[in-house]
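Student:
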Amino acid sequence: MTNTTRRPKSRRFRTVRRITATALVAVTAGAALVACSSGTGSGDSSGGGEDSLTMATQPWLGYGPWYIAQDKGYFADQGVNVNITSFDDDSQMTAALGSGDVDIANAATHSALQWLENGQDGYITLVLDTSMKADAILAADGINSVADLKGKKVAFEEGSVSNLLLDHALSENGMSVNDISPVPMAPSDAAVALQAGRVDAAVTYEPYISDTAGKDASVKTLYTADAQPGLISDILFVSKKAMEEKPEAVKKAVAAWGPAIDYYNSDTADAQAIIAKNIGSDAESLKTAFDGVKFYSLEDNRTYLGGEYRDKVLPSVQEAAKNAGIISQDHDPAQIVDTRFVE
0 MTNTTRRPKS RRFRTVRRIT ATALVAVTAG AALVACSSGT GSGDSSGGGE DSLTMATQPW
60 LGYGPWYIAQ DKGYFADQGV NVNITSFDDD SQMTAALGSG DVDIANAATH SALQWLENGQ
120 DGYITLVLDT SMKADAILAA DGINSVADLK GKKVAFEEGS VSNLLLDHAL SENGMSVNDI
180 SPVPMAPSDA AVALQAGRVD AAVTYEPYIS DTAGKDASVK TLYTADAQPG LISDILFVSK
240 KAMEEKPEAV KKAVAAWGPA IDYYNSDTAD AQAIIAKNIG SDAESLKTAF DGVKFYSLED
300 NRTYLGGEYR DKVLPSVQEA AKNAGIISQD HDPAQIVDTR FVE
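Okay, so the sequence shown: first residue is 0 according to numbering that gives the first Met the number 0, each after it adds one.
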C-alpha cells in the first residue's frame, strides 16, 4: 500500500539517493514503461506537441494543486495539455527526466540540487509548497532545547529531509551530528522508538507528530520546519530541453497554478478531497499534513522565487544538504532559478 500520508518512503523525501549517470541510464527503460502506464492527464499523453507537456510527480499532497488544475480545467483554459505521470520510485522519475520522457518534474529543493549535481540540466521555476509544522524534532521529557540533545540518542533517517532539519537545528546551536548519538531509522520507526523510550529524540513528520503527541503527553516539540521556512520545500523543475523547445507550454502550465491555488483557498474542503483522491488517500487522514504545509501562490512567487527563495532559502538548503552528505557541490542560485514564468 502506498504511503500517502506524507512523502512515500520510496520518494526523494524519504530515502535520498545519489543517482549516478550509470544508474540513470540503467533504469531509463523502466522509467519509460512507468511513464506510459501511469499517466493521469487528459487528451494526448505523448507530451510531444508544442502545447503538450509530460509532468513527473509523486503521491505527495504538496503537488496536489496540479490535480486541481487538471480537474477544474485550468490547463485547458491556458491552452496546454499536461499529462501528469505519477512515480512511486525516485530513481524511475529521475531517469525519466534525464531521458527526456518527461519535461517538467515536481521535486524537493534538495532533490533538484542532486539532479543538477548528477548532470541533469534544468531550472527551478516555481516554488510549490513548504513544510511549516509537518516536520519536527520531538523529544522526551527532560529535554527542553536543541542544545539539550548533546550526547543524546536521536533517531532520524539519514540522507533525508529529516537529516536536513536536524542538521540545520544543530547548526543554529553551534552543534553538529558529531555532538549527538545518531540512531538511523525511518521516520515512522523513529516516532515509535521515542514513545518506547529507546531514544531521547526523534525527527519525524505528520501524521506521526500528532500521533506521538496524542499517545504521550510528555513528548514535546523541540523544533519545527517553520524555524527556517523553505528548508523543506518543493519546487517545479523544468528540463533545459523543455525550456528551450516548449517555453510557451511551460508558461501556460505554470499559469494554471494560479487559479488552482485560488480554488484551494476558496473551497479548501473540495480542493483537499480532489488532492487526496488523486494521491490515493482521503482528506480526513491527511488533515494534519495539510495543516502543516503552506502553498505558494503565483503572486507569492513573483516576489519570493527571485527574492528570498533564491537569495536566502536556496543557499540555506544547499549548505544543509552538503552538511548532511546529500550533495557535495555548490550551485550558483542565480544560474539555476529562472523567474521568467512568474513575472
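Cβ atoms here follow ideal geometry from the backbone N, Cα and C, with glycine treated the same way. From a predicted model like this one, the values you see are computed outputs, not experimental measurements.
DSSP puts Pro332 in a beta bridge; with which residues?
Tutor: Beta-bridge pairing links Pro332 to no other residue.
Student: Ser90 by DSSP, collapsed to three states: which one?
Tutor: If DSSP states are grouped into helix, strand and coil, Ser90 belongs with the helices.
Student: With a Cβ-Cβ cutoff of 9 Å, do Tyr122 and Lys245 count as a contact?
Tutor: Cβ distance not < 9 Å, so Tyr122 and Lys245 don't count as in contact.
Student: What does DSSP give as the partner residues of Gly72 in its beta bridges?
Tutor: Note: Gly72 sits in no beta bridge, so no partner.
Student: Could you give the C-beta distance for Asn277 and Gly97, rounded to a whole number, given that I count them as a contact under 8 Å?
Tutor: Their Cβ separation, rounded to whole angstroms, is 25 Å, which puts Asn277 and Gly97 out of contact at 8 Å.
Student: Apart from the five residues just before and just after Gly29, which ones in its own chain have a Cβ nearer than 7 Å to its Cβ?
Tutor: Bear in mind that the predicted position of Gly29 carries a pLDDT of just 40, short of 50, making it too unreliable to give a figure here.
Student: Checking the sheet assignment: what are the DSSP bridge partners for Asp233?
Tutor: According to DSSP, which records beta bridges pairwise, Asp233 is partnered with Ala107 and Asp128.
Student: In terms of alpha-carbon separation, which member of Thr84, Asn117 and Thr338 lies closest to Ile103?
Tutor: Ranking Thr84, Asn117 and Thr338 by Cα distance to Ile103 puts Thr84 first.
Student: Just mark Thr267 as buried or exposed, buried being the case when its beta carbon has 16 or more other beta carbons within 10 Å.
Tutor: Thr267 comes out exposed.
Student: Within this structure, are the beta carbons of Val341 and Val253 separated by less than 9 Å?
Tutor: Yes, Cβ-Cβ distance for Val341 and Val253 is below 9 Å.
Student: Return the residue from the list Leu60, Asp89 and Ala320 that minimises the CA-CA distance to Ser280.
Tutor: Residue Leu60 is the option with its Cα nearest to Ser280.
Student: Which of helix, strand or coil does DSSP assign to Asn117?
Tutor: Looking at Asn117 - three-state DSSP - the assignment turns out to be coil, as it is neither helix nor strand.
Student: Asp269 to Leu127, Cα distance in whole Å?
Tutor: Between Asp269 and Leu127, the C-alpha separation is close to 19 Å.
Student: So does the region 322-333 actually touch the region 107-119, counting three or more Cβ pairs closer than 8 Å?
Tutor: Yes, the region 322-333 is in contact with the region 107-119.
Student: Quick check on the burial criterion: 16 or more other C-beta atoms within 10 angstroms. Buried or exposed for Ser265?
Tutor: Result: exposed.
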